[in-house]
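See below for the structure under consideration.
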Amino acid sequence: MAWTTPRTWTLGELITKTIMDTHVRDNLLALKEPPSDQVIRNNLGVYTTTSTTLVAVDSANLKVTLTTYGGDVLVWFVGTFSATAGTVLLLDILIDGTTRVGAGFEGLLAQGLGTGKTVVTIPPIVVSGLAAGEHNFVLLWRGTGGATLRLFSDTTSGTAPDNVPAILAAREVS
Amino acid sequence: MGGAMEMEWDVLKVNPERLDEELRALGIGAYAGLSTGGGKVRVHLVGEWTKADQAKILAAVERHDPAEKSRQRQAVEARQAALAALRKPWAGWTTEDKDDFLMWLAQEVLGDEI
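Chains Y and V, in that order, are what the protein sequence lines are. For the first sequence, the working numbering gives the first residue as 1, with consecutive numbering after it. For the second sequence, the working numbering gives the first residue as 175, with consecutive numbering after it.
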């Protein structure tokens, strides 16, 4: 349901059904169901990278898209990773193919990894200043020293710790 | 030519560690690593690269045999085999066994520094 900037009422104004539907009903519905998207990704196999620069994990499938009304957007991620002991994972989120949420930093977060599984979360982060319209959010990753990073996302795996999704989500919140 | 770019292939089966070793061995300075997922292999180039670099990468990807183990994997397996061979009563340990064990232990603690 579309959001309409709430009406500024005038003294003695006759309230009609059309006005009430647009400015009360429709706006309440828009607040109840804000633009939202979530990917619970099954890659049917592990994602890997040896990249030492930030690259998309999967720009086609590990991506969320919202058509916003111009408000702030919350974006977050959770996934299960492993790598050679001593490797550091860096994660970030790319907006509309151009702007990193962690711009100005090497990444949004860094996490040391080992051969065991480690759950890594980008907690909900407020992204402000996006114009009304369609926006997409893509997960970026990189490692250190050319080591192979693994992100598990495989319902075909008979190994339980591999059989988990990678989850990326975004929601307009104002 | 220069800038960040990706070369992409639809490849179902790849050994990422081995292919990464093969691509690094090409000595292309712009090579920043490779990624797999979604049925694709992507090679990442950053900085200055040439058409000749791309051709070398293409040839390496076409030559790649996913069944071939990476050097890193071979080293892990060699270490596991060597340690397995030491699982015997202390009385059966030779001087060489003790030296080998000390070396593996030192590598475990000190990493590649020895």
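Beta carbons are placed, not taken as given, at the ideal position from N, Cα and C, and that holds for glycine. Owing to the predicted nature of the structure, the values given are computational and were not obtained by experimental measurement.
Check, Outcome
"What's the gap between the Cα of Gly-133 (chain Y) and the Cα of Ala-2 (chain Y)?", "12 Å"
"With distances taken from CA atoms, which of Y:Phe-137, Y:Gly-146, Y:His-23, Y:Thr-16 is nearest Thr-8 (chain Y)?", "Y:His-23"
"Less than 8 Å between the beta carbons of Leu-62 (chain Y) and Pro-35 (chain Y), yes or no?", "no"
"Are the C-beta of Gly-116 (chain Y) and some C-beta of chain V separated by less than 8 Å?", "no"
"How is Ala-233 (chain V) classed by DSSP in three states: helix, strand or coil?", "helix"
"Considering only C-alpha positions, which residue in the set Y:Ile-19, Y:Ala-60, Y:Asn-136 is nearest to Asp-37 (chain Y)?", "Y:Asn-136"
"If the cut is a Cβ gap below 8 Å, which residues of chain V does Asp-154 (chain Y) touch?", "Those do not exist, as Asp-154 (chain Y) stays about 10 Å from chain V at its closest Cβ, beyond 8 Å."
"Consult DSSP for Trp-278 (chain V) and reduce its assignment to one of helix, strand or coil.", "helix"
"What does Val-220 (chain V) touch in chain Y if you count any residue whose Cβ is under 7 Å from its own?", "Thr-53"
"Nearest to Gly-203 (chain V) by alpha carbon, out of V:Leu-276, V:Val-283, V:Lys-230?", "V:Lys-230"
"Would Thr-5 (chain Y) count as contacting chain V if we go by Cβ distances under 8 Å?", "no"
"Who pairs with Ile-167 (chain Y) in a beta bridge, going by DSSP?", "Y:Ile-40, Y:Val-78"
"What residues in its chain sit with their C-beta under 7 Å from that of Thr-48 (chain Y), if we drop five residues either side in the sequence?", "Thr-148, Leu-149, Arg-150"
"Tell me which residues of the region 246–267 of chain V have at least one Cβ-Cβ distance to chain Y shorter than 8 Å, keeping chain order.", "Gln-246"
"Have a look at Ala-170 (chain Y) and Val-64 (chain Y) and give me their C-alpha separation to the nearest angstrom.", "7 Å"
"Contact defined as beta carbons within less than 8 Å: I believe Ala-206 (chain V) pairs with Leu-219 (chain V). What is the distance between those atoms, to the nearest angstrom?", "6 Å"
"How close, in whole Å, do the beta carbons of Thr-53 (chain Y) and Arg-142 (chain Y) come, if the pair is a contact with beta carbons under 8 Å?", "6 Å"
"Under 8 Å between C-beta atoms, does Pro-190 (chain V) make it to chain Y?", "yes"
"Go to Glu-134 (chain Y), then tell me how far its alpha helix (DSSP H) extends in each direction, as first and last residue.", "No alpha helix (DSSP H) contains Glu-134 (chain Y), which is instead part of the beta strand (DSSP E) from 133–142."
"Can you pull out the residues from the region 53–81 of chain Y whose beta carbon lies closer than 7 Å to at least one beta carbon of chain V?", "Thr-53, Val-55, Val-57, Asp-58, Ala-60, Asn-61"
"With C-beta atoms as the reference, is Glu-242 (chain V) less than 8 Å away from Val-217 (chain V)?", "no"
"By how many angstroms is the C-alpha of Gly-201 (chain V) removed from the C-alpha of Leu-29 (chain Y)?", "58 Å"
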